[in-house]
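First the structure, in the form of structure tokens, and then the observations on it.
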Amino acid sequence: MEEKPFKVRTLPGPPHPVSTQTHPRSSLGSWLCSHSVPAQGSSQQSPSSPATESRPRLGSGSPPPACSSSPSQFSLASSDVCGPQASAKSSGRRGSGASSPQDIRNLWTTSTLSQPKLSVQLPTVCEDSELEGNSLGSKDGGWYHQKAGHDSDGGWEELDDGGDKDDFKPEEPDEHPLMELEMHRGSSPGSTLEDGDDDSRIDSEISSSVSSLNIPKYTPHRAYWVEQQNRLPLPLTVLMENEALEILTKALRSYRSEIGRDHFLTNQLQRYIEGLKRRRNKRMNVAGL
Amino acid sequence: MDVLGVPIAVQRNQGHLCSTRRKVRSLAQHSAKGSGGVAAAIQVARALGIKGTIMKLKEGSFLWYLYLDKLYCLLSVRNVKALVEYFYLLDVHRKKTLNDVLFYHFLHHVTNLKRNQITIVFNMLDWNAVGEIGFDQFYMLVCILLARENHLEEQFIFRHSRPVFELLDLDGELKIGPANFHMYNFLFNIKKQQLRELYHDFDITGDRLLNYKEFKLFTIFSMDKYQERQKAEREGGRLCSKRCHIKL
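These protein sequences, in sequence, are chains E and V.
Following UniProt numbering, the numbering of the first sequence begins with 1 at its first residue and continues without gaps.
Following UniProt numbering, the numbering of the second sequence begins with 1 at its first residue and continues without gaps.
Take a look at the structure:
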């Protein structure tokens with residue numbers, strides 16, 4: 001960038017529509033909220049900042065960091081950072097069919113392969129999804145009641161490459177049940193906490209990874225692929241839940257001391273925390289198997 | 001109930017907010033009338049118990065892993081999606097908002113901000129004094145925290161001058177006094193010297209208050225200075241590396 005002496009410039013563009021007549025805060029949140037960076041590549045020209053260089057970021061657009069080599073480890077560095085980047089990359093390379101040895105998707109695949117429930121058959125998966133679909137129907141609609149689930153990012157492309165093929169013998173799944181599964185899968189992490197169907201949710205989290213493994217390379221449905229890309233990585237969700245649990249536990253103490261143990265808000269918060277704990281324990285049990 | 005105000009009894013909360021705002025306003029008016037506006041602003045900040053602590057995000061927390069685009073000072077869509085999920089987890093009462101208690105514990109958990117600072121942030125975001133903040137405000141706050149953490153305050157203020165102006169304009173008078181600036185120093189890192197320059201150079205109307213246009217000029221000026229500083233640092237680094245190379 002060329003160096004220019006400072007000179008006062010005129011304000012760019014016309015005055016803001018929310019100027020003197022309307023309420024000054026009327027556009028505050030939605031204005032910023034309606035803006036998000038569409039693509040990460042555009043940030044390359046920006047001036048460097050000292051604090052942001054060293055740590056991993058979620059979908060930062062920088063080259064993927066060297067991830068943990070232990071596949072079964074639930075390390076944050078290998079997951080919530082790599083997940084989005086992997087998905088961004090994999091969507092770009094989809095047609096190539098070749099993956100580098102350091103491709104992050106390999107890590108996810110091996111991590112998923114290490115789970116013992118891989119032998120689950122497709123009908124089981126579909127049953128789980130039906131269960132969950134029922135629970136979803138009870139939720140109230142909202143702008144953030146969108147699908148989130150947990151990332152079982154890409155990974156089936158590697159099936160044809162190595163020896164995994166012999167171990168898993170991918171079946172020819174019917175696309176429509178899979179699509180239904182993906183469309184009906186849980187919305188956000190906390191959505192079913194008080195509905196009591198955590199079990200089906202956890203099962204489908206695992207089985208969704210399985211289902212992605214069962215799909216041969218040549219049959220990824222476009223909508224299914226997009227759905228896979230839109231999921232949050234599972235360890236990121238774990239991190240979020242753990243942090244939320246800590247925060248909410250402290251909040252519960254405040255509730256109890258200020259408004260009393262029997263207040264309906266206290267009870268609501270307590271039930272919510274118990275639901276979160278149950279789900280976390282269930283997930284840990286599944287991961288430990 | 002309250003850690004900060006009252007989510008249940010909104011009236012009490014409103015009273016609390018009004019009294020805080022009245023206090024700030026009266027002190028700000030006093031400072032505007034007096035000769036030393038900036039000094040009075042600092043006095044206001046002291047009166048409210050605000051010291052110039054450096055806000056830090058807790059390492060390893062969820063926000064710590066989010067990436068704020070350096071150019072646009074915004075999160076990517078993927079990051080926003082993750083943030084929505086996080087907000088939804090914290091929204092215990094399913095009202096698409098966080099009340100002051102939840103907000104306090106959230107901010108206390110992820111930052112090193114003190115109680116009074118958290119109160120100030122909450123009051124700043126909850127402009128309508130309903131005792132709750134929605135996702136829009138939450139997103140704004142997260143962007144501010146990440147900008148502060150990544151030393152991108154000037155860039156952030158420049159890019160989002162209108163929302164920042166509206167946040168700083170506590171009374172909705174479309175003008176900002178030095179007290180307001182100093183009160184949010186821990187968020188936007190506007191130093192004393194900068195504040196003096198700001199009111200000396202950009203208060204064109206001379207009323208010791210900045211309107212949006214004056215504020216915008218300030219952001220442009222700050223941005224230019226920031227870029228010059230960046231360039232000087234880069235050149236300094238290049239010179240240093242050259243010297244090292246010659247020595248070797």
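Note that the Cβ used here is the ideal one computed from N, Cα and C, for glycine as well.
| Asked | Found |
| --- | --- |
| For residue 132 (chain V), three-class secondary structure by DSSP | strand |
| Beta-carbon gap between residue 257 (chain V) and residue 79 (chain V) smaller than 9 Å | The structure shown does not extend to residue 257 (chain V), since chain V is modelled only from 1 to 248, so the question has no answer here. |
| Continuous beta strand (DSSP E) assignments of at least 3 residues falling wholly in the stretch 67 to 118 of chain V | 97 to 99 |
| Residue-level contact to chain E via CB, residue 82 (chain V), 9 Å cutoff | yes |
| Option nearest residue 158 (chain V) by Cα separation, candidates V:137, V:194, V:233 and V:221 | V:221 |
| The stretch 169 to 183 of chain V in contact with the stretch 221 to 237 of chain V per 3-pair CB rule at 8 Å | no |
| Exposed unless 16 or more other CB atoms sit within 10 angstroms - verdict on residue 131 (chain V) | buried |
| Residues, ordered as in the chain, of the stretch 235 to 263 of chain E that lie near chain V by beta-carbon distance below 8 Å | 236, 237, 239, 240, 241, 243, 244, 246, 247, 248, 250, 251, 254, 255, 258 and 259 |
| Residue 150 (chain V) and residue 58 (chain V) closer than 9 Å at C-beta | no |
| Limits of the alpha helix (DSSP H) - the one that residue 182 (chain V) falls within | 178 to 183 |
| Best match in E:223, E:255 and E:244 for proximity to residue 279 (chain E) [C-alpha to C-alpha] | E:244 |
| 7 Å CB neighbourhood of residue 161 (chain V) in its chain, flanking five on each side removed | 215, 216 and 219 |
| Paired residues, beta bridge with residue 210 (chain V) - DSSP | V:176 |
| Neighbour flag for residue 210 (chain V) against chain E, beta carbons, 9 Å | no |
| Beta carbon proximity, residue 267 (chain E) to chain V, threshold 9 Å | no |
| Proximity winner among E:224, E:236 and E:225, relative to residue 86 (chain V) (alpha-carbon distances) | E:236 |
| Contact belief for residue 183 (chain V) with residue 120 (chain V) at Cβ below 8 Å, rounded distance in angstroms | 6 Å |
| Identity of the residue in V:154, V:111 and V:198 nearest residue 188 (chain V) by Cα | V:154 |
| Three-pair Cβ contact test at 8 Å for the stretch 164 to 178 of chain V versus the stretch 204 to 213 of chain V | yes |
| Residue from V:190, V:125, V:236 and V:142 with nearest C-alpha to residue 76 (chain V) | V:142 |
| Contact set between residue 102 (chain V) and chain E, taken where Cβ atoms lie within less than 7 Å | 251 |
| The stretch 129 to 154 of chain V: positions lying closer than 8 Å to chain E by Cβ | 134, 135, 136, 137, 139, 140, 143, 149, 150, 151 and 152 |
| 9 Å Cβ cutoff, residue 199 (chain V) in contact with chain E | no |
| Min CB distance residue 241 (chain V) to chain E below 9 Å | no |
| Cβ contact (3+ pairs, closer than 8 Å) linking the stretch 87 to 94 of chain V and the stretch 112 to 129 of chain V | no |
| CB contact flag (residue 146 (chain V), residue 68 (chain V), <9 Å) | yes |
| 8 Å Cβ cut-off: residues of chain V touching residue 272 (chain E) | 92 |
| Neighbourhood of residue 110 (chain V) by C-beta distance below 7 Å, restricted to the same chain and skipping five residues each side | 57, 58, 61 and 63 |
| Cross-chain neighbours of residue 62 (chain V) in chain E, by beta carbon under 7 Å | 239, 240 and 243 |
| Delimiting residues of the alpha helix (DSSP H) encompassing residue 197 (chain V) | 192 to 202 |
| C-alpha gap between residue 230 (chain E) and residue 222 (chain E), whole angstroms | 13 Å |
| Simplified DSSP assignment, three categories, for residue 170 (chain V) | coil |
| Closer than 9 Å to chain V by CB, residue 40 (chain E) | Because residue 40 (chain E) carries a pLDDT of 45, less than 50, the predicted location of this residue cannot be relied on, and the following value inherits that uncertainty. So yes, residue 40 (chain E) belongs to the interface. |
| Bridge-paired residues (DSSP) for residue 57 (chain V) | V:111 |
| Euclidean distance between Cα positions of residue 273 (chain E) and residue 172 (chain V) | 39 Å |
| Sub-9 Å separation of residue 250 (chain E) and residue 105 (chain V) beta-carbons | yes |
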